[in-house]
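Asker:
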Amino acid sequence: MNEQFNISASPHIRAKDTTENIMLWVIIALLPTTLFGIWNFRDQNAWILVVVTVAAAVLTEYLYEKLMHKKVTIKDMSAAVTGLLLALNLPASAPWWMGVLGAVFAILIVKQLFGGLGQNFMNPALAARCFLLISFTGRMTSFTYDGVTGATPLATMRADGSIANVDTMKMFIGQIPGTIGETSVIAIMIGAIILLLKGIIDLRIPGSYLVTFVIFITIFGGHGFDWSFITAHLCGGGIMLGAWFMATDYVTSPITKKGQIIYGILLGILTGLFRLFGGSAEGVSYAIIIGNILVPLIEKVTLPKPFGKGGEK
Amino acid sequence: MGLLTFKGGIHPNDGKSLAKDKAIVEVLPEGDLVFPLSQHIGAPAAPIVKVGDQVLKGQKIAEAGGFVSAPVYSSVSGKVKAIAPYFTPTGGKVSSIIIENDGTYTEAERLNTRSLDLITKEEILNLISEAGIVGMGGAGFPTRVKLSPKEPEKIEYVIANCAECEPYITADYRRMLENPEELVEGMRVILKLFDNAKGIFAVEDNKPDCIAKLEQLTSGEPRMEVVRLMTKYPQGGERQLIYAVTKRAINSSMLPADVGCVVDNVETIIHIYDAVVNGRPCIDRVVTVSGDGIAEPGNFKVPLGINQQELIKAAGGLKGAPEKVISGGPMMGFAMFTLDVPVTKTSSSILCLTKDEVARYEPSACINCGRCIDACPSRLIPSRLADYAERHDEAAFEKEFGVECMECGSCSYVCPAKRQLKQAISSMRKTVLANRKKK
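Chains H and W supply the protein sequences, listed in that same order. Under this note's numbering, read the first sequence as residues 1 to 313, first letter to last. Under this note's numbering, read the second sequence as residues 1001 to 1439, first letter to last.
Below is the structure:
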């Protein structure tokens, strides 16, 4: 036998997509809203919080894996995505150590202790946000914009019971108080379109989420089908960032197609419920976290039928 | 008319341009010829020659070993040198008859046949069985068995699988361009077996020249039709093909005949023609030799049993230093550690790739992206099945229909974490099926 060639099981070719470049595209898609947020809250040096939070997330993953003698996986960039998403969910006024604490909680407790990438049952960034929200309610809900500390448009709407005092155009562009990455609908949509075009996400989850939410607030919002009320709700708070970037997180959303639609509907209902009847003006984070927990159940009831057993349609 | 297809599947780089335009070239063997006794699904054939015997080209050297089996013929004249185990493309050693070629190609008497107008169904089936024809697309299922369903009058479609959806391979494509008459005549022979059936040539739309040629040849044939399939892998998978053409779906426990279909690929149908009309047994085939590790990719008509190294030589030799050589297509073919193996009835191609894409990636954790679900033509959840396989959870594997996997490899292809999904699933599947048999 003169030559010896590599052997392995078929198939012998692979598509170009890798976990790494999917994560990279998510980061690229988050750049418009990140850069807008950094500019929008430049007076509060938002960039420092973003950089520190991302660095803390990556460093936590690195140190944990080193200490546990595991393969270091920071190159897959999932830790960076988590850090960035967490930073975008913090008010620019939050101190740097809150970013660090949140990042450690997200990576260490929510992700690594459950087995690392792919094993966490909650979105790490959102779980960390909720953790900080409960622990530091004051700091997490105090938003300063243009030197003035005031209520977010959603909170204003809730207090007034009307949309008289909010400017939906400003909400669309993002010139409002809020967390670093949630204010600009247009910047978020640019990123969402990038992900849709790259085939990294599809419309099932965000589509069913937003449509259900609109239906819910139309019925229960007390304004009927009032387009400006609906627009204000869609442009306010974290629903856009949540629907396009957090609810679509692969790991914590259902893998079945039907399940994704059910999940989206569930998120729409929960978000509506929390916003209209809950204790605070915002409810996206809690809605997604609860949705995450129900994913195994949703997957169980939406197991697809195989081809030849009714699954060919 | 719209393109016919199925749901799922993938669009890999097809690599067909390497050998697509190379006409079929005949290659004669230089060294010994090796005829494995098991080149088909079913019982191995039993040798009927002894070491030292003189044999002729087209002489039977091994008898079918049962109903699901096939005889083996010598493709050259010469002397039986040995009957010994020899490596085959699938990796194992198989008892084989080794023949020293005398270079004269003296032909044995052909099989007894009669004109198509007179021949009976029984005679056709016997000729196909006697000629040693098996599914030459890669499966190697004895064709006689396939063409003998319980109720032949219930067969409505005889589908010629002209999809050739595996990347790189162009053997069927060249056959359709160069021997379309034989293909159509072969279909005519099969249609004689099924009185109520229509003959369908199902071709992927990346072969418009084949479609045009076949349409022209079948224009006056009321029982034949050419249909266009979407170019997609695995369009030529039996279940996917039947669904695309008839919208009838079969699962792993059904046969094509259960939905009134019979499927044969191009090379097989041409051999049916050759056996029934010309009385020639199965002793040659067309093989594509391609890949970026081959100097002059092309399509070659070779006697069965020829050493694959000779075929590489005919294709100008190796180029660069190939890391991987594959018998069959890159999606379902077998990686070989050596080229010192014979061409068998099921060798549709030899691929030499300078880069082993599989070795370049290290599998990482599943990120639940769902790409494998989109790709799976069997509508399974490959990532989950692979998890069950990795922890030997047979019950969960069966409950989520792991047995329905047809091992097309689409899941492994698309996986961004580069997990060996198909490998895990297929080994578990074998265990489950073996355990079922025991019960």
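Think of the CB as a built atom: it goes at the ideal place given N, C-alpha and C, for glycine as much as any other residue.
Using only alpha-carbon positions, find the residue among W:Ser1378, W:Pro1363, W:Lys1198, W:Ile1128 that is nearest to Lys1154 (chain W).
Answerer: Numbered from 1 along the second sequence, position 154 holds the residue referred to as residue 1154 (chain W). Of the listed residues, the one whose Cα sits closest to Lys1154 (chain W) is W:Lys1198.
Asker: What is the rounded straight-line gap between the Cα of Ala87 (chain H) and the Cα of Asn40 (chain H)?
Answerer: If you number the first sequence from 1, residue 87 (chain H) lands on position 87. If you number the first sequence from 1, residue 40 (chain H) lands on position 40. Each residue's alpha carbon lies about 14 Å from the other.
Asker: Exposed or buried, what is His1011 (chain W) when buried is set at 16 or more other beta-carbons lying within 10 Å of its beta-carbon?
Answerer: Stepping through the second sequence from its first residue, residue 1011 (chain W) is reached at position 11. So His1011 (chain W) ends up on the exposed side.
Asker: Quick check: the stretch 141 to 155 of chain H against the stretch 96 to 116 of chain H, are at least 3 beta-carbon pairs closer than 8 Å?
Answerer: Counting Cβ pairs under 8 Å, fewer than three are found: no touch.
Asker: Rounded to whole angstroms, what's the CA-CA distance from Ile255 (chain H) to Leu210 (chain H)? Just pull it up for me.
Answerer: The sequence position of residue 255 (chain H) within the first sequence is 255, counting from 1. The sequence position of residue 210 (chain H) within the first sequence is 210, counting from 1. So the alpha carbons of these two residues sit roughly 19 Å apart.
Asker: At a CB-CB cut-off below 9 Å, which residues of chain H make contact with Phe1397 (chain W)?
Answerer: Start at 1 with the first residue of the second sequence, and residue 1397 (chain W) comes out as number 397. What Phe1397 (chain W) touches in chain H: nothing, since even the nearest Cβ is about 13 Å away.
Asker: Going by Cα to Cα distance, which pick from H:Pro124, H:Glu20, H:Trp25, H:Leu31 is closest to Thr73 (chain H)?
Answerer: As a first step, residue 73 (chain H) must be located in the first sequence, where it is residue number 73. When each option's Cα is compared against that of Thr73 (chain H), the closest is H:Glu20.
Asker: Does the Cβ-Cβ distance between Pro153 (chain H) and Asp167 (chain H) come in under 9 Å?
Answerer: Within the first sequence, residue 153 (chain H) is the residue found at index 153, counting from 1. Within the first sequence, residue 167 (chain H) is the residue found at index 167, counting from 1. Taking 9 Å as the Cβ cut-off, Pro153 (chain H) and Asp167 (chain H) qualify as a contacting pair.
Asker: Does the Cβ-Cβ distance between Ala1062 (chain W) and Ala1046 (chain W) come in under 9 Å?
Answerer: Along the second sequence, one-based indexing puts residue 1062 (chain W) at 62. Along the second sequence, one-based indexing puts residue 1046 (chain W) at 46. Their beta carbons are under 9 Å apart, which means Ala1062 (chain W) touches Ala1046 (chain W) by this criterion.
Asker: Would Ile1272 (chain W) and Thr1113 (chain W) be called neighbours here (beta carbons separated by less than 9 Å)?
Answerer: Here the question's residue 1272 (chain W) lines up with position 272 in the second sequence. Here the question's residue 1113 (chain W) lines up with position 113 in the second sequence. Not in contact: Ile1272 (chain W) and Thr1113 (chain W) (Cβ atoms no closer than 9 Å).
Asker: Suppose you measure from the CA of Thr1120 (chain W) to the CA of Ile1200 (chain W); what does that come to, to the nearest Å?
Answerer: Translated into positions along the second sequence, residue 1120 (chain W) becomes position 120. Translated into positions along the second sequence, residue 1200 (chain W) becomes position 200. Roughly 22 Å separates the two Cα atoms.
Asker: Find out if the Cβ-Cβ distance for the pair Ile1190 (chain W), Ile1312 (chain W) is shorter than 9 Å.
Answerer: Taking the first residue of the second sequence as position 1, residue 1190 (chain W) is located at position 190. Taking the first residue of the second sequence as position 1, residue 1312 (chain W) is located at position 312. Going by C-beta atoms, Ile1190 (chain W) is not nearer than 9 Å to Ile1312 (chain W).
Asker: Can you give me the C-alpha to C-alpha distance between Val1158 (chain W) and Gly1132 (chain W), rounded to a whole angstrom?
Answerer: Start at 1 with the first residue of the second sequence, and residue 1158 (chain W) comes out as number 158. Start at 1 with the first residue of the second sequence, and residue 1132 (chain W) comes out as number 132. One C-alpha to the other measures close to 20 Å.
Asker: Rounding to the nearest angstrom, what Cα-Cα distance links Ile261 (chain H) and Pro1330 (chain W) in this structure?
Answerer: Walking along the first sequence from the start, residue 261 (chain H) turns up at place 261. Walking along the second sequence from the start, residue 1330 (chain W) turns up at place 330. Roughly 35 Å separates the two Cα atoms.
Asker: I'd like to know whether the C-beta of Val1287 (chain W) is nearer than 9 Å to at least one C-beta of chain H.
Answerer: Here residue 1287 (chain W) is taken as the residue at index 287 of the second sequence, counted from 1. Closer than 9 Å: no.
Asker: So with CB distances below 9 Å, who are the chain W contacts of Lys309 (chain H)?
Answerer: As a first step, residue 309 (chain H) is located in the first sequence; it is residue number 309 there, counting from the start. Near Lys309 (chain H) (Cβ distances below 9 Å), the residues of chain W are Ala1249, Asn1251, Arg1379, Phe1401, Glu1404.
Asker: Mapping the DSSP letters down to three states, classify Ile261 (chain H) as helix, strand or coil.
Answerer: Along the first sequence, one-based indexing puts residue 261 (chain H) at 261. Three-state result, Ile261 (chain H): helix.
Asker: Do Met1405 (chain W) and Asn1265 (chain W) have their C-beta atoms within less than 9 Å of each other?
Answerer: The sequence position of residue 1405 (chain W) within the second sequence is 405, counting from 1. The sequence position of residue 1265 (chain W) within the second sequence is 265, counting from 1. The identity of residue 1405 (chain W) in the sequence shown is Cys, whereas the question assumes Met. Going by C-beta atoms, Cys1405 (chain W) is not nearer than 9 Å to Asn1265 (chain W).
Asker: Does the stretch 57 to 68 of chain H come into contact with the stretch 1402 to 1422 of chain W, if we say contact requires no fewer than three beta-carbon pairs (one atom in each stretch) closer than 8 Å?
Answerer: Too few Cβ pairs lie closer than 8 Å, so no.
Asker: Please list, in chain order, all residues of the same chain as Thr1090 (chain W) whose beta carbon is under 7 Å from its beta carbon, the five residues on each side excluded.
Answerer: Taking the first residue of the second sequence as 1, we reach residue 1090 (chain W) at position 90. Counting only Cβ-Cβ distances below 7 Å, and skipping sequence neighbours, we find Phe1334.
Asker: When you compare the stretch 1369 to 1384 of chain W with the stretch 299 to 307 of chain H, are there three or more beta-carbon pairs, one atom per stretch, that lie closer than 8 Å?
Answerer: Segments in contact, yes.
Asker: Please find out if some non-hydrogen atom of the ligand MN comes closer than 8 Å to the beta-carbon of Ser228 (chain H).
Answerer: In the structure shown, the ligand MN is absent, as is every other ligand, since no ligand is present at all.
Asker: In whole angstroms, what is the alpha-carbon distance linking Met157 (chain H) and Phe36 (chain H)?
Answerer: Taking the first residue of the first sequence as position 1, residue 157 (chain H) is located at position 157. Taking the first residue of the first sequence as position 1, residue 36 (chain H) is located at position 36. Their backbone Cα atoms lie some 24 Å apart in a straight line.
Asker: Leaving out five residues before and five after Thr183 (chain H) in sequence, what residues of the same chain have Cβ atoms less than 6 Å from its Cβ?
Answerer: Counting from one through the first sequence, the residue named residue 183 (chain H) turns up at place 183. Closer than 6 Å at Cβ, skipping near neighbours: Gly174, Ile176.
Asker: Contact check, Phe213 (chain H) vs Thr252 (chain H) under 8 Å by CB: the rounded distance?
Answerer: On the first sequence, residue 213 (chain H) is found 213 positions in, with the first residue counted as 1. On the first sequence, residue 252 (chain H) is found 252 positions in, with the first residue counted as 1. Actually they are not in contact, since the Cβ atoms of Phe213 (chain H) and Thr252 (chain H) sit about 19 Å apart, beyond 8 Å.
Asker: Check the Cβ of Leu303 (chain H) against every Cβ in chain W and list those closer than 7 Å, keeping chain order.
Answerer: Residue 303 (chain H) sits at position 303 when you count from the first residue of the first sequence. Within chain W, the residues near Leu303 (chain H) are Glu1400.
Asker: Exposed or buried, which one is Asp1032 (chain W) when buried takes at least 16 other CB atoms within 10 Å?
Answerer: Counted from its first residue, the second sequence places residue 1032 (chain W) at position 32. Buried: at least 16 other Cβ atoms inside 10 Å.
Asker: If you scan the stretch 173 to 238 of chain H from start to end, which runs of the beta strand (DSSP E) of 3 or more residues do you find wholly inside it?
Answerer: DSSP runs (the beta strand (DSSP E)) wholly in the stretch 173 to 238 of chain H: none.
Asker: Can you find a CB in chain H that lies within less than 9 Å of the CB of Phe1141 (chain W)?
Answerer: For the purposes of this step, residue 1141 (chain W) is identified with residue 141 of the second sequence, where counting begins at 1. It does not: the Cβ of Phe1141 (chain W) has no partner Cβ on chain H nearer than 9 Å.
Asker: Indicate the three-state DSSP secondary structure (helix, strand or coil) for Glu1166 (chain W) in the structure shown.
Answerer: Residue mapping note: residue 1166 (chain W) aligns to position 166 of the second sequence, counting from 1. DSSP places Glu1166 (chain W) in coil when its eight states are reduced to three.
Asker: Might you give, ordered along the chain, the residues of its own chain that have their beta carbon closer than 7 Å to the beta carbon of Val1076 (chain W), omitting 5 neighbours on each side?
Answerer: Here residue 1076 (chain W) refers to the residue found at position 76 when the second sequence is read from its first residue. Excluding positions up to five away in sequence, the list reads Pro1029, Leu1033, Lys1057, Ile1099, Asn1101, Tyr1105, Pro1303.
Asker: How about Val1325 (chain W): is its C-beta nearer than 9 Å to some C-beta of chain H?
Answerer: Sequence index remark: in the second sequence, residue 1325 (chain W) carries index 325 (1-based). By this cut-off, Val1325 (chain W) is an interface position.
Asker: Whose Cβ in chain H lies nearer than 8 Å to the Cβ of Gly1333 (chain W)?
Answerer: Numbered from its first residue, the second sequence carries residue 1333 (chain W) at position 333. What Gly1333 (chain W) touches in chain H: Ser10, His12.
Asker: Tell me the DSSP secondary structure of Cys1372 (chain W) in three-state form.
Answerer: Against the second sequence, residue 1372 (chain W) aligns to sequence position 372. Three-state DSSP puts Cys1372 (chain W) in a helix.
Asker: Anything in the stretch 1052 to 1069 of chain W with a Cβ closer than 9 Å to a Cβ of chain H? List those residues in chain order, please.
Answerer: Going along the stretch 1052 to 1069 of chain W in chain order, one finds no residue with a Cβ nearer than 9 Å to chain H.
Asker: Sorted by chain position, which residues of the same chain lie with C-beta nearer than 6 Å to Glu1182 (chain W)'s C-beta, five sequence neighbours on each side aside?
Answerer: Numbered from 1 along the second sequence, position 182 holds the residue referred to as residue 1182 (chain W). Contacts found: Ile1270, Tyr1273.
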